[in-house]
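Below is one structure, written out as structure tokens, with a few remarks after it.
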Amino acid sequence: MRLVSLPTNSSAHRATVKRRWRDGVTFFCRSGVLLAGLALCVSFATAADAPKLGITGTATDDAVSKPYPTALLRSGASFMATHLQAQQADDDLNPGMLWVDQGRERFAADCAGCHDGASQQRLASSLPRVDRSGAVQTLETQINVCQTSRLQRPTYPIESAPLLALSSYLAFSARGEMQRLSSDVVRSNAWKRGRDAFTRVQGRLDFSCAACHDKMAGKRVRTQAISQGHGVGFPAYRVEWQGVGSLNRRLRACYFGMETGVPAASDPALLDLELYLAWRSEGLPIEAPAVRR
Amino acid sequence: MADAVIAAIPPGRHARLIVPRLLQRGEDFTARLLIQHPMETGFRRDDTGKVLPANVIENVVLLFNDELVFRGRVLNALSANPSLSVQLTAQKSGTLSAHWRDQMGNVGSISTEVRVAGA
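Protein chains in written order, with my numbering: chain A, 1 to 293; chain B, 1 to 119.
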């Protein structure tokens, strides 16, 4: 195209402008089609390649990497003060054992008819699991499933004394067993929801669970050491609670600390998070009832 | 199905009393007592703002074969779920029992066998 300087009111100028405009539109249209075609190709390529390359981070790939390799896993106890570690290690001083004793009595009365020692020992380390309906079963919900289906009784309320006693006893029975979930757990929607909840920036303080527990473990927030965020010690005796509480209660306390608004204890999102946390801590031994600050 | 209604357990109902499995005659040992009790100081409030009434364990006694071996007047210097260690000397086998009472009159007790070799 030749650029010539012409008076703006001439007919030659008007013709030139018209031609340029028409050429431009044609070019735009042609290139637009081309671009759209190119974009289509690219999008096909992305859709086809993404799961294999792991670009999107979807859970379709079995080899989803964990935040901590097994060799670097540290349970919450290793971030505690030494006197709390000593209290946890000594069953005569660990107040969580009071709950374990009550759970042992209740288990002998209600559960021992069906459950033998070996299955009882494995149970807590292999939970949470995803059932056929896609719902997450934790130790606590599993106890309540037995209550309704086998014993034909009403469920125990969350954080009620008998439920905490039974869950403490069963977790104690699995003490030393490695946390090990079913390998297909990462394909479940519950796991994906749990991972998303863990990595989503939320709350007034504007951070995610992962921002501290994946990236800052060992450093301090105010005066307290940041742990790796593993739940293998729960149900745990917390000094702050002056009693034993479940992981569900601990997670609600986390949300309180993050200033997000605290979810209800029955919120299924907490179960998803428990599943994701257990998957993160696969390879750590169960150490319930732990002592935490 | 609706949740079960769980009756509140009175404080101080559950405890652990631990002694070594087998002792020699004349051996010193530690009896450890752990009591499940909130030890309310009277300074705390519940979620609705109501003051939680003070209720702490006042008296703890240890009996060996119904004979007094330890008497402690413990008040709010102890934390929730208090742990007590008492040094004793083993002379003969028998039953060691602990008894306690809190400010609201709840009483609790626990006992365990002390086994002394050859006695």
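Note that beta-carbon positions come from the ideal geometry of N, C-alpha and C, so glycine has one too.
Rounded to the nearest angstrom, the gap between the Cα atoms of A/Glu259 and A/Arg249 is 15 Å. Between B/Leu34 and A/Pro95 a beta carbon distance of about 6 Å is seen, short of the 8 Å cut, so the two are scored as contacting. Taken in chain order, the complete alpha helix (DSSP H) segments of 4 residues or longer contained in the region 200 to 259 of chain A are 209 to 213 and 247 to 258.
Counting only unbroken stretches of 4 or more residues, the alpha helix (DSSP H) elements lying wholly within the region 80 to 116 of chain A are 82 to 89 and 96 to 110, in sequence order.
The region 280 to 291 of chain A makes no contact with the region 34 to 47 of chain B; the number of CB pairs closer than 8 Å stays below 3. Listed along the chain, the chain A residues whose CB falls inside 8 Å of the CB of B/Leu34 are Asp92, Leu93, Pro95, Met97 and Leu98. Excluding its 5 nearest sequence neighbours in each direction, B/Arg71 has C-beta neighbours in its own chain below 6 Å: Val61, listed in chain order.
Shown here, A/Gln137 sits in a strand according to DSSP, grouped into three states.
By a beta-carbon distance limit of 8 Å, B/Leu96 contacts B/Ala31. Their separation comes to about 6 Å. A/Tyr237 has a beta carbon lying within less than 9 Å of a beta carbon in chain B. Judged by DSSP in its simplified three-state form, A/Leu270 adopts helix.
Residue pairing by DSSP places B/Phe43 in no beta bridge whatsoever. Non-local beta-carbon contacts of A/Gly229 in its own chain, meaning distances under 6 Å to residues more than five positions away in sequence, involve His213 in chain order. Take A/Ser208, set aside five residues on each side of it, and the residues of its chain with a beta-carbon closer than 8 Å to its own are Phe198, Thr199, Arg200, Val201 and Gln202, in chain order.
Around the C-beta of A/Leu205, fewer than 16 other C-beta atoms lie within 10 Å, and the residue is accordingly described as exposed.
Taking a contact as a CB-CB distance under 8 Å, the pair A/Ser126 and A/Arg180 counts as one, their CB atoms being some 6 Å apart. Contact of B/Ile9 with chain A by beta-carbon distance below 7 Å involves Ala161. For a Cβ distance threshold of 9 Å, residue set Gln242 and Gly243 of chain A lies close to B/Pro38, ordered along the chain.
Counted as a single uninterrupted DSSP element, the beta strand (DSSP E) harbouring B/Leu63 occupies residues Ile57 to Phe64.
Between B/Ala98 and B/Ser109, the C-beta spacing is below 9 Å. Look at A/Arg292 here: in three-state DSSP terms it is strand. Taking C-beta separations shorter than 6 Å and ignoring five residues to either side along the sequence, the partners of B/Arg45 in its chain run Val51, following chain order. The criterion of a C-beta distance shorter than 9 Å is not satisfied by B/Ala54 and A/Gln147.
Under DSSP, B/Trp100 takes part in a beta bridge, and its partners are B/Val60 and B/Gly108. Take the alpha-carbon of B/Phe29 and the one of B/Gln91: they are about 11 Å apart. With respect to the 9 Å criterion, A/Leu166 and A/Phe107 are classified as neighbours on the basis of their beta carbons.
As the crow flies, the alpha-carbon of B/Gly94 is around 35 Å from that of A/Gln120.
For A/Pro285, not one C-beta of chain B is nearer than 9 Å to its own C-beta. The criterion of a C-beta distance shorter than 9 Å is not satisfied by A/Pro69 and A/Ala278. Around the beta carbon of B/Arg21, a 10 Å sphere encloses fewer than 16 other beta carbons of the protein chains shown; the residue is thus reported as exposed.
The beta carbon of A/Arg104 sits closer than 8 Å to those of Tyr169, all from its chain and outside the five residues before and after it, given in chain order.
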